[in-house]
Amino acid sequence: MKLLFVNAIDPTVEVETRYPSLGPASMAAVLRRRFTASAIDMRIVDHDVESMLREFKPAIVCISAVTQNFGIAGRYASMAKKRGVPVVVGGVHVSALPLTMGDSMDVGCIGEGEETIVELFSLFMKNGDLPADDLASINAISFHDGASIRVNPPRELIRDLDSIPFPARDLIDVGPHSYMFTSRGCPYRCRFCSSSNFWRKPRFFSAEYVLREIEELVENYGVRLISFFDDLFIGDKARLSKIALMIEGNERLDNVSFTCSGRANLITDETAALLKRMRVRSVGLGLESGSEKTLRYLKVNNISVSDNRNAVLTLRSHGIAANASFIIGAPEETENEMLETFRFIKRTPISLFDTYVLTPYPGTELWDYARTKGLVSDAMDWSRLNVNFYRNWAHAVTLSTTMDSKELLKMYNKFGRLRLLKNMLHVWSTPQLSDLGAYMVKRMREYLQRKRRTT
Ligand code: B12
Ligand code: SF4
31 MKLLFVNAID PTVEVETRYP SLGPASMAAV LRRRFTASAI DMRIVDHDVE
81 SMLREFKPAI VCISAVTQNF GIAGRYASMA KKRGVPVVVG GVHVSALPLT
131 MGDSMDVGCI GEGEETIVEL FSLFMKNGDL PADDLASINA ISFHDGASIR
181 VNPPRELIRD LDSIPFPARD LIDVGPHSYM FTSRGCPYRC RFCSSSNFWR
231 KPRFFSAEYV LREIEELVEN YGVRLISFFD DLFIGDKARL SKIALMIEGN
281 ERLDNVSFTC SGRANLITDE TAALLKRMRV RSVGLGLESG SEKTLRYLKV
331 NNISVSDNRN AVLTLRSHGI AANASFIIGA PEETENEMLE TFRFIKRTPI
381 SLFDTYVLTP YPGTELWDYA RTKGLVSDAM DWSRLNVNFY RNWAHAVTLS
431 TTMDSKELLK MYNKFGRLRL LKNMLHVWST PQLSDLGAYM VKRMREYLQR
481 KRRTT
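Residue numbering for the sequence shown is 31 to 485, as defined by this note's numbering.
Below, the structure is given as structure tokens:
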């Protein structure tokens, strides 16, 4: 049985190709364990999908997509359907808006996929098809039932994350800088975040599991820099302390260093000391705003600008670089408030930073807000929610009531110039330096392609 996983990205955009997706790799690992490895021939691709369909001739196609790429997912689904191949789609977008799955998509997977894919695949192995009558008994999916789309009840979350095998990284490209996902979920509910709603309750892989996975990356794939892209890697302090001690005491990991993400209110001297001991060289923080009013709006009143500043200073005092991301364009944010963020970035010792224009993702409070304002709908062009504002600014859905898209672009570019300057000054002292060469080449290619398209 041949199964093709497709990660629906725009392969011309640097950030989308930076690391391959772990979602399909995780499901591939589960399928290998459930069915004998030789029973299923699996591939994971993110480009040249048409030729892969032609040459590999899969019996079923499983597509993974975020919101801005859901249109791309639809095109891949149509290509598969034209060949009579059934299509399952999963990921954060269809999970939030299951009714938006197109006619070419047979099944939508809502939420984490490891258990759902096994049930779907068992059905497919038995029938060679996914009949609606049988789909009715599989939880956490949506599917076409006559002229309507039916949404089944959710399933229980996977309680014991350690029961999930390591992602099948042999099916994806793993470079010397790779990433891991060692927990699921976050207890906070920032107004713009689709991730914490998606994973629902916070859960952690054990420290022992994390160590084994790190060892696998180092020994089997030669990885030297590992980024923990969890929403809240530092959320469980006891686990963090265990991981730190285990890494420190493991001489096979002496040449490996790490980066992780964190939340400013959880960065204390104690956490920073633990991160330093385990050779975390930089921490990514969603600082979001230098304006107290905007920050309280975005993060629902539970963090202040001085918490953010203290987190950066604490990390710096332990010799750890603090990277950050910021958001402009909250509904009532004024130009002056955006400039407060600009000044915050200038006077705080942040290393690398990124700025985004606020995007109302499905499944968030902002999506509901945008819907009541008539700015979004289930039938919209999903590329209008492209988070890379510079690519699609004239069509992007923005929420600002104080600036139009052109004015936002001007402000965004102002931040862009500061970003270029700051990042050029600091990249030399961050672990991301090892990515610089590939980054420059890809960004240049992306720029040329964009230019070609507009001329
Ligand atoms: C690591 C990461 C990245 C990495 C790697 C991306 C990748 N290829 O996976 C990089 C930096 C490259 C990246 C890029 C982008 N990312 Co990103 N990323 C993440 C992050 C932090 C973790 C993803 C991850 O590894 N999860 C672990 C795996 C196991 O989970 P998973 O991929 O979701 O898959 C599970 C389920 O979704 C489901 N599933 C997924 N696909 C399928 C398919 C089928 C058939 C089935 C049955 C099930 C299924 O089952 C899987 C196992 O449980 C998430 C936030 C989060 N905490 O989840 C954001 C997140 C997914 N990213 C996001 C965004 C916006 C982007 C970018 C658009 C950013 C940009 N500036 O361009 C690009 C788009 C890339 C793309 N995939 O299209 C948003 C998406 C929001 C939305 N509603 O669309 C998220 C949710 C963060 C946020 N801001 O809220 N990202
Ligand atoms: S933005 Fe970060 S802290 Fe806020 S809810 Fe999302 S994952 Fe949690």
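In this text, a Cβ means the ideal position worked out from N, Cα and C, and glycines have one as well.
Does the Cβ of residue i lie closer than 7 Å to at least one heavy atom of ligand 1?
i    : result
Y420 : no
E318 : no
P116 : no
P54  : yes
N278 : Sequence inspection shows Glu at residue 278; the Asn mentioned does not correspond to that position. False, no ligand heavy atom lies under 7 Å from that Cβ.
F65  : no
Y49  : yes
C139 : yes
G121 : yes
E144 : yes
E46  : yes
P392 : yes
S94  : yes
Y477 : no
F258 : no
N285 : no
I39  : yes
Y239 : no
V417 : yes
M72  : no
M135 : no
Y327 : no
F445 : no
Y469 : no
What are the boundary residues of the beta strand (DSSP E) that includes residue i?
i    : result
L315 : V310 to E318
Y209 : H207 to M210
R373 : R373 -> not in any beta strand (DSSP E); alpha helix (DSSP H) instead, spanning E365 to R377.
H174 : I171 to D175
I333 : Counting along the chain, I333 falls outside any beta strand (DSSP E), and DSSP gives it neither H nor E.
K32  : K32 to N37
M72  : D71 to V75
V166 : Per the sequence shown, the amino acid found at residue 166 is Ala instead of Val. Element bounds for A166: n/a, residue is neither H nor E.
With a threshold of 16 other CB atoms inside 10 Å of the CB of residue i, please say whether the residue is buried or exposed.
i    : result
T344 : buried
L451 : exposed
P183 : exposed
H207 : buried
G252 : exposed
H425 : exposed
G9   : Residue coverage of the chain in this structure runs from 31 to 485, which leaves residue 9 outside it and unanswerable.
R471 : A small correction: the amino acid at residue 471 is Val; Arg does not occupy that position in the sequence shown. Classification of V471: exposed, given that the 10 Å Cβ count is below 16.
W397 : buried
V330 : exposed
P54  : buried
If you measure from the beta carbon of residue i to each beta carbon in chain D, is any gap under 8 Å?
i    : result
G138 : Structure shown: chain D not included; a single protein chain is present.
What are the start and end residues of the alpha helix (DSSP H) that includes residue i?
i    : result
D384 : Not the alpha helix (DSSP H): D384 falls in the beta strand (DSSP E), residues F383 to V387.
R105 : F100 to K112
T460 : Element bounds for T460: n/a, residue is neither H nor E.
T146 : E144 to N157
T301 : D299 to R307
M276 : K267 to E278
S291 : Per DSSP, S291 belongs to no alpha helix (DSSP H); it is in the beta strand (DSSP E), S287 to G292.
K79  : The sequence given here has Val at residue 79, not Lys. Where V79 is concerned, the enclosing alpha helix (DSSP H) stretches over V79 to F86.
R180 : Not the alpha helix (DSSP H): R180 falls in the beta strand (DSSP E), residues S178 to V181.
A352 : Note, A352: premise wrong, no alpha helix (DSSP H); beta strand (DSSP E) at A351 to I358.
Say the cut is 7 Å; is the CB of residue i nearer than that to a heavy atom of ligand 4?
i   : result
N99 : For the structure depicted, ligand 4 is absent and the ligand set comprises only ligand 1 and ligand 2.
Checklist entry - Taking a cut-off of 6 Å, which residues have a beta-carbon closer than that to any heavy atom of ligand 2, in chain order? => result C216, Y218, R219, C220, C223, S225, S226, D261, R293 and G316
Checklist entry - Does the segment 304-317 touch the segment 332-350, meaning 3 or more C-beta pairs lie closer than 8 Å? => result Yes, the segment 332-350 touches the segment 304-317.
Checklist entry - Pairing CB atoms from the segment 64-73 with CB atoms from the segment 208-226, are three or more of them under 8 Å? => result no
Item to check | Cβ contact check for the segment 389-396 and the segment 406-426: 3 or more pairs under 8 Å | outcome: Touching, yes.
Checklist entry - Is the segment 66-86 close to the segment 41-55, with three or more CB pairs under 8 Å? => result Touching, yes, given that three or more Cβ pairs across the two stretches are closer than 8 Å.
Item to check | Three or more C-beta pairs below 8 Å linking the segment 370-386 and the segment 401-414 | outcome: no
Checklist entry - Quick check: the segment 129-142 against the segment 452-460, are there 3 or more CB pairs under 8 Å? => result no
Item to check | Given 8 Å, three or more beta-carbon pairs between the segment 142-160 and the segment 95-104 | outcome: no
Checklist entry - Is the segment 218-230 touching the segment 240-257, taking contact as three or more C-beta pairs under 8 Å? => result no
Checklist entry - Can we say the segment 287-294 touches the segment 308-318, given the rule of at least three CB pairs closer than 8 Å? => result yes
Checklist entry - Can we say the segment 318-332 touches the segment 364-371, given the rule of at least three CB pairs closer than 8 Å? => result yes
Checklist entry - If we count Cβ pairs, one from each stretch, closer than 8 Å, do we get three or more for the segment 169-187 versus the segment 79-92? => result The segment 169-187 makes no contact with the segment 79-92: fewer than 3 CB pairs, one atom from each, lie closer than 8 Å.
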